[in-house]
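Undergrad: Each residue of the sequence shown is one higher than the one before, starting from 737 at the first, in my numbering. Glycine is no exception: its CB is placed at the ideal position from the N, C-alpha and C atoms. Keep in mind it's a predicted model, so treat the numbers as computed, not measured. Could you have a look at this structure, given as structure tokens, before my questions?
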Amino acid sequence: MAHDLLVEHLNDASSSWMCGRFGAIAEFHRDEDEPVAIATSPALTAATDRGAMRVTLLPELQPIAYETVSKCMTWGQGVALCLSEAEARMSGRSVVTELGPDREAVRLQDRDALLFDLGLGGRYTEICVRTDDAEALMLLRAICGKPLFTHGHDFLHRLPQLSPHRVFRCKLGRVEVYNPVPPETGKSPEGPHTHVRQRLLALRRNHAATVPVPEGCFAGMTLYPAHPLQRAGDDHDGEPIGFDAMRYDAFQKVLNRYGDPALLRGKQAAIDGKTSERDLATRAERTGFRIGQRQRPWLP
């Protein structure tokens, strides 16, 4: 069941969570030894001093497990948490809007701070900030009713110094980020963080083309189980240097339960030694074949 899958990964510090849309995402990560408050009723929540997440187990929730072709002969993996577009619909605001106290904040101490929708969420998400800081409130109220990227206002320039909480939410839940906002030329901090890219938002896509969200559905949140490849470098973004077979096997069980059978067929063909994808009939099979080619060297 989806409930069991999500509860398992809620309690696994090596798993991470994302909320948002193409071009604007918030990610929740935590360390193994980091203090965390976890609850499984009435919703699934986890909160640390750096951020928080919530997933509401709506009966319409449809998990879609997937793998994608990645650079450097590696692959990506995740579980898209989908609703139908009709069920996923949010406010669709396109201008900065004050929403009042955030009574749905994960932590009790944040529920009196004021929430502002930045108007970047499209139809199915709301990209917000939350603050009780006097300067931040003044700057935000000065641009209410206007698009965020209007020229000539100070809020974006002051954003790293003010560092309001970022709250990205959808019908399924939310991710909250308390970490400081990095300067424009800086690197995102370890742990929970956000990415907002005006250029990508302008494309008006709901999700990356490589993520197999079913037609007519929207994935407002994504679960990322721990990847089996260990990478070189302090930022874990270097060349693969090791392989965790237990992590691999665990995700394959999820993929077999919630993934596309066509992708699995193509992948198995490559793992079994097939050398060409030319006679594979579908895009999903061909994608699976390329993923299988990347995984085969790591398998027994």
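(1) Would you call the segment 979 to 999 and the segment 1015 to 1027 touching, i.e. three or more CB-CB distances under 8 Å?
(2) Report the rounded CA-to-CA distance for Ala849 versus Thr946, giving the unit in angstroms.
(3) Does the distance from the C-beta atom of Val903 to that of Cys864 stay below 8 Å?
(4) Label Gln966 either buried or exposed according to how many other C-beta atoms from any shown protein chain fall within 10 Å of its C-beta, with 16 as the threshold for buried.
(5) Please identify the residue among Glu840, Leu844, Gly857 whose C-alpha is closest to the C-alpha of Leu851.
(6) For the segment 826 to 841 against the segment 801 to 812, do three or more pairs of beta-carbon atoms, one drawn from each stretch, fall closer than 8 Å, so that the two count as touching?
(7) Does the distance from the CB of Gly900 to the CB of Ser751 come in under 8 Å?
(8) Relative to the C-alpha of Thr781, which candidate in Gly855, Arg910, Leu854, Ser830 has its C-alpha closest?
(9) Could you check what DSSP says for His963 in three-state terms: helix, strand or coil?
(10) In chain order, what are the residue ranges of uninterrupted beta strand (DSSP E) at least 3 long that sit wholly in the segment 775 to 813?
(11) Could you tell me if Asn992 is buried or exposed, where buried requires 16 or more neighbouring beta carbons within 10 angstroms of its beta carbon?
(12) Using C-beta distances below 6 Å, list every residue in its chain close to Met754, excluding the 5 sequence neighbours before and after it, in chain order.
(13) From the DSSP output, read off the bridge partner residues of Leu819.
(14) Take Arg933 and list the residues in its own chain whose beta-carbon comes closer than 6 Å to its own, dropping the five residues that flank it on each side.
(15) Strictly by DSSP, which residues pair up with Val913?
(16) Under 8 Å between the Cβ atoms of Arg859 and Gly888?
(17) Give the straight-line distance between the Cα atoms of Arg940 and Asp890, rounded to the nearest whole angstrom.
(18) Measure how close the beta-carbons of Pro925 and Pro896 come, nearest whole angstrom, since I'm counting them as under 8 Å.
(19) Label Thr784 either buried or exposed according to how many other C-beta atoms from any shown protein chain fall within 10 Å of its C-beta, with 16 as the threshold for buried.
(20) Once the 5 residues before and after Ala749 are set aside, which same chain residues still bring their CB inside 8 Å of it?
(21) Note down, in chain order, each residue of its chain lying with its Cβ closer than 6 Å to the Cβ of Asp868, except the 5 sequence neighbours on either side.
(22) Can you tell me whether DSSP reads Val772 as helix, strand or coil?
(23) Check whether the segment 973 to 990 and the segment 788 to 798 touch, using three or more Cβ-Cβ pairs below 8 Å as the test.
(24) Please confirm whether Cys818 and Thr861 have their CB atoms less than 8 Å apart.
(25) Give every residue of the same chain whose Cβ lies closer than 8 Å to the Cβ of Leu1000, excluding the five residues on either side of it in the sequence, and list them in chain order.
(26) Work out the CA separation of Leu746 and Ser820 for me, nearest whole Å.
TA: A quick look at the data gives this:
(1) yes
(2) 37 Å
(3) yes
(4) exposed
(5) Glu840
(6) no
(7) Note that residue 900 is Pro in the sequence shown, not Gly. Result no, Cβ atoms of Pro900 and Ser751 do not sit closer than 8 Å.
(8) Arg910
(9) coil
(10) 780 to 783, 787 to 791, 798 to 805
(11) exposed
(12) Ile761, Glu763, Thr958
(13) Phe954
(14) Gly759
(15) Gly787, Arg902
(16) no
(17) 26 Å
(18) The pair is not a contact, with the Cβ atoms about 11 Å apart (cut-off 8 Å).
(19) buried
(20) Arg766, Asp767, Glu768, Glu770, Val772
(21) Ala849
(22) coil
(23) no
(24) no
(25) Leu991, Asn992, Gly1024
(26) 24 Å
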